[in-house]
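Enquirer: Numbering (the working numbering), first residue to last: 3 to 485. C-beta: ideal position from N, C-alpha, C; glycine also.
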Ligand SMILES: Nc1ncnc2c1ncn2[C@@H]1O[C@H](COP(=O)(O)OP(=O)(O)O)[C@@H](O)[C@H]1O
Ligand SMILES: [Mg+2]
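Given below as C-alpha cells:
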C-alpha cells in the first residue's frame, strides 16, 4: 500500500514537470507564431497597398489624359488580376474585371451607401481600404484603392485577397503543426530527462519507507553533489544514528535484564539455601555479607540506570553554582578512605592552586569524581598509587584521576563510555564487577555541562581520566577587598 502511494507521488512530480515544461514551450512557440504571423501579414498588406496605390495613380493619370483611358483600365485590370471601376453618383459604375469571379462583389459594392461613402472620402491622392464580407455564405476579402478622378467621379481598383489569405492560413497550419510537434517532443525529452532528476527521490523514498518500518540496514546510493545527493547523505546519516540508537536500546534492555537477574538469582539462591539448611548456621555471616553486597550492587545499578535515564530524557536540570572543586575532591576522598586503606593504596593529591573555583553542578560533578575514583581503586591492584590532579588552563579547570592499575586495552578505549560496556571479564577481578554504567554517566554529566572528558590508558600500566570544568573567578572573602 505504501509503495502505491510513493509511485503515485513519483508520477505526479514527473507529470507536473512534463506538464509545466510543455506548457512553457507551447506558450513560447505560440507567442512566436503569433508575432511571425503579424509581421508577415502586415508586410504583405503594406506591399499590396503600395501596389494598389500605384495602380490607382496610373488609372487617374490615364483618365486625366482622356483618350484611351478605357483601354488603360482594361489593361490594368488584366495585368493585376483586379477589378477596376469608374463610379459617379447616380450612375451604375463601369466595371473592368481582369480575371476572377467578381460578380458577387460588384453587386455588393454597388450598394449605394457603400459607394457614396467612398466617394465622399475620396481625394486627389489614392487611399486604401479593406473589406471583408460573405457572399452566399462564402467569405470574400477585398482590398480597394480609390482616388478622385475629376468632377464627382472616382476610380477604384479592387484586389481579391482570398489567395493571399489562403497563404496565411496554410502558414498558420504549418505553424500549428510545428507547435504540436514541438510540444510532443518537449514532453518526450522532459519525460526522459526529468525521470533522471526524479529517480533519486524515488529511491530515497523507497529506502526511507524501510526506515519507517524499522529496517535501518539499507543505505541510499549517493550520486553527484546535487540536492538529491545531499538529502540521500542526510538520510544515510540519520539511518546510521537510528540504527545505533536501536542497537543501544536493544542491548540496554537485554543488559538491564541480564545484569539485574544475576544478583537476584544469587540473592534468592543463597537465601533459599540458608532456609533449607544447605548452608550451615556457622556460615550465615559470610553468605549474608554476599547477599548484602549483591543487593547493594543492584541498588547502585538501578540508581545508575535511573540517573542515566533521567539525564538522557532531559529531566535533570543542572543546578549551577560556584564551588571549589579541590575541596569537593578532598571531601569525596574521605569517604573512600576505608577502601583505600583496605587495598593499601596511596592517593596523591596534586592541586596546582590551593583553590580551584568552578561553575558547575556540584552534586553531579561529585558523582563524576566518585565514579572515577571508584574505578581507579577497583581496577588497581594493592599497593598502587592513585593521583588526582587539578590545574587551570585558559577558561577551564582540568581534573584528572590517574591510577597505575590494570589499564584498558587500546581496542576497548573507544567503547568504555558506552552503556554497560565492560572490558572483557578476564581483566576484571571477579568480586568487583560493576554495572558498566558508571563511565556513561560520567560522560553524560560532563557533556551536559558542555565540557569534555578523555581517557588515556596503557594495558598493565594504568589509566588516566581527565575532564574539564568551567573556571570561575575566586569569590572575594569579606575583609580581603581593598587590601
Ligand atoms: N581506571 C580503570 N582502569 C581499568 N579499567 C577501567 C578503569 N575504569 C574503567 N575501566 C573499564 O571500563 C569499564 C567501564 O567502567 P564503568 O562504566 O565505570 O563500569 P563499572 O565500573 O561498573 O565496571 C569497566 O568495566 C572497566 O573494564
Ligand atoms: Mg565504575
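Examine the Cβ distances between the stretch 225 to 235 and the stretch 195 to 205 and report whether three or more of them are shorter than 8 Å.
Expert: They touch, by the three-pair rule.
Enquirer: Can we count residue 382 as close to ligand 1, meaning its CB is less than 8 Å from some heavy atom?
Expert: Position 380 of the chain shown, counted from the first residue, corresponds to residue 382. Correct: residue 382 has its Cβ closer than 8 Å to ligand 1.
Enquirer: Among 220, 250, 399 and 415, which one has its Cα closest to the Cα of residue 239?
Expert: In the chain shown, residue 239 corresponds to position 237, counting from 1. Nearest of 220, 250, 399 and 415 to residue 239, Cα basis: 220.
Enquirer: In the structure shown, what three-state DSSP assignment does residue 201 receive?
Expert: For the purposes of this step, residue 201 is identified with residue 199 of the chain shown, where counting begins at 1. Three-state DSSP puts residue 201 in a helix.
Enquirer: Which same chain residues, not among the five before or five after residue 314, have their C-beta less than 8 Å away from its C-beta?
Expert: As a working note, residue 314 is residue 312 in the chain shown. Only 446 meet the Cβ criterion.
Enquirer: What distance in whole Å lies between the Cβ atoms of residue 163 and residue 39, which are believed to be in contact at a cut-off of 8 Å?
Expert: The count along the chain shown starts at 1 and reaches residue 39 at position 37. The count along the chain shown starts at 1 and reaches residue 163 at position 161. With a Cβ gap of about 15 Å, residue 39 and residue 163 do not count as contacting.
Enquirer: By how many angstroms is the C-alpha of residue 454 removed from the C-alpha of residue 466?
Expert: The sequence position of residue 466 within the chain shown is 464, counting from 1. The sequence position of residue 454 within the chain shown is 452, counting from 1. Each residue's Cα considered, the two are about 14 Å apart.
Enquirer: Identify which residue in 458, 287 and 444 has its Cα closest to the Cα of residue 452.
Expert: Counted from its first residue, the chain shown places residue 452 at position 450. The shortest C-alpha separation from residue 452 is found at 444.
Enquirer: Where do the ends of the alpha helix (DSSP H) carrying residue 236 lie?
Expert: Translated into positions along the chain shown, residue 236 becomes position 234. Taken as a continuous stretch (DSSP letters only), the alpha helix (DSSP H) holding residue 236 covers 229 to 277.
Enquirer: Since residue 382 is in the alpha helix (DSSP H), which residue starts that stretch and which ends it?
Expert: As a first step, residue 382 must be located in the chain shown, where it is residue number 380. Counting along the chain, residue 382 falls outside any alpha helix (DSSP H), and DSSP gives it neither H nor E.
Enquirer: Please go through the same chain and pick out, in chain order, the residues whose beta-carbon is closer than 8 Å to the beta-carbon of residue 125, but skip the five residues on each side of it.
Expert: On the chain shown, position 123 is the one that residue 125 refers to. Around residue 125: 149 and 150.
Enquirer: Determine the contact status of residue 80 and residue 102, defining contact as a CB-CB distance below 9 Å.
Expert: Residue mapping note: residue 80 aligns to position 78 of the chain shown, counting from 1. Residue mapping note: residue 102 aligns to position 100 of the chain shown, counting from 1. No, Cβ-Cβ distance for residue 80 and residue 102 is not below 9 Å.
Enquirer: Would residue 206 and residue 241 qualify as a contact pair, given that the criterion is a beta-carbon distance under 9 Å?
Expert: For the purposes of this step, residue 206 is taken as the residue at position 204 of the chain shown. For the purposes of this step, residue 241 is taken as the residue at position 239 of the chain shown. Going by C-beta atoms, residue 206 is not nearer than 9 Å to residue 241.
Enquirer: For residue 319, count the other beta carbons within 10 Å of its own beta carbon; 16 or more makes it buried, fewer makes it exposed. Which is it?
Expert: Translated into the one-based positions of the chain shown, residue 319 becomes position 317. Looking at its Cβ environment, which holds fewer than 16 other Cβ atoms inside 10 Å, residue 319 is exposed.
Enquirer: What does the Cβ neighbour count give for residue 251, buried or exposed, with the cut at 16 atoms within 10 Å?
Expert: Indexing the chain shown from 1 puts residue 251 at position 249. The residue is exposed, with fewer than 16 neighbouring Cβ atoms inside 10 Å.
Enquirer: Tell me whether residue 34 sits in a helix, a strand or coil according to DSSP, three-state version.
Expert: Looking up residue 34 in the chain shown gives position 32. Residue 34 falls in the helix class under three-state DSSP.
Enquirer: Pick helix, strand or coil for residue 132, following the three-state DSSP scheme.
Expert: To locate residue 132, count along the chain shown from 1; it is residue 130. Strand.
Enquirer: Specify whether the stretch 350 to 370 and the stretch 328 to 340 touch according to this definition: at least 3 beta carbon pairs, one from each stretch, less than 8 Å apart.
Expert: A contact exists between the stretch 350 to 370 and the stretch 328 to 340.
Enquirer: Straight-line CA distance for residue 404 to residue 376?
Expert: For this step, residue 404 is matched to residue 402 along the chain shown. For this step, residue 376 is matched to residue 374 along the chain shown. One C-alpha to the other measures close to 12 Å.
Enquirer: Check each residue's C-beta against every heavy atom of ligand 3 and list, in chain order, those closer than 6 Å.
Expert: Annotation note on ligand 3: not contained in the displayed structure, which lists ligand 1 and ligand 2 as its ligands.
Enquirer: Going along the chain, which residues of its own chain have a beta-carbon closer than 8 Å to the beta-carbon of residue 118, five neighbours each way excluded?
Expert: Position 116 of the chain shown, counted from the first residue, corresponds to residue 118. Counting only Cβ-Cβ distances below 8 Å, and skipping sequence neighbours, we find 91.
Enquirer: Please name the residue in 217, 258 and 436 whose C-alpha comes closest to that of residue 246.
Expert: Counting from one through the chain shown, the residue named residue 246 turns up at place 244. Looking at the Cα atoms, 217 is the closest of the given residues.
Enquirer: Can you give me the C-alpha to C-alpha distance between residue 136 and residue 189, rounded to a whole angstrom?
Expert: By 1-based counting over the chain shown, the position of residue 136 is 134. By 1-based counting over the chain shown, the position of residue 189 is 187. When rounded, the distance between both Cα atoms is 41 Å.
Enquirer: Note down, in chain order, each residue of its chain lying with its Cβ closer than 7 Å to the Cβ of residue 257, except the 5 sequence neighbours on either side.
Expert: Taking the chain shown and counting its residues from 1, the one referred to as residue 257 is at position 255. 422.
Enquirer: Going along the chain, which residues of its own chain have a beta-carbon closer than 8 Å to the beta-carbon of residue 187, five neighbours each way excluded?
Expert: Numbered from 1 along the chain shown, position 185 holds the residue referred to as residue 187. There are no such residues.
Enquirer: Apart from the five residues on each side of it in sequence, which residues of its chain come closer than 6 Å, Cβ to Cβ, to residue 433?
Expert: To locate residue 433, count along the chain shown from 1; it is residue 431. Low confidence applies here, because residue 433 scores a pLDDT of 43, under 50, leaving its location unreliable; read the following figure in that light. So no residue of the chain qualifies.
Enquirer: What beta strand (DSSP E) runs, 3 residues minimum, are completely inside the stretch 298 to 338?
Expert: Runs found: 323 to 326.
Enquirer: Is it buried or exposed, residue 3, if we count other Cβ atoms within 10 angstroms and call 16 or more buried?
Expert: If you number the chain shown from 1, residue 3 lands on position 1. With a pLDDT of 43 at residue 3, under the threshold of 50, the predicted position of this residue should be treated as unreliable, though the coordinate-derived value follows. That one is exposed.
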